[in-house]
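Enquirer: One structure, pasted below without further comment.
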Amino acid sequence: MQPNEPPEPLNPGDEAPPDAPGVGEDICSACRGTGQVEGQQCTVCGGTGKVLQGIGGG
Ligand SMILES: [Zn+2]
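Shown next as structure tokens:
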């Protein structure tokens, strides 16, 4: 058995944890997937260039 891993901290742009149902990765609209804004690490996606967004429902 593996010990429980601590959940990854969510970035401000993430709407839900990655293991939540109906959630998918999307390009960060703040940095457009580059991970940087004006030479600084994007604070919305945490520099990943991607955010987690709910894709189910409306
Ligand atoms: Zn970003």
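Residue numbers (the UniProt record's numbering): 1 to 58.
Glycine residues also receive a C-beta, built at the ideal position from the N, C-alpha and C atoms.
Computed from a prediction, not measured in an experiment: that's the story for all the values here.
#1: Is it buried or exposed, Gly24, if we count other Cβ atoms within 10 angstroms and call 16 or more buried?
#2: With a threshold of 7 Å (Cβ to nearest heavy atom), would Gly24 be considered close to ligand 1?
#3: Identify every residue that forms a DSSP beta bridge with Asp26.
#4: Report whether the distance from the Cβ of Ala20 to the nearest heavy atom of ligand 1 is below 7 Å.
#5: Below 8 Å between beta carbons: does that hold for Asn11 and Cys45?
Expert: A quick look at the data gives this:
#1: exposed
#2: no
#3: Val51
#4: no
#5: yes
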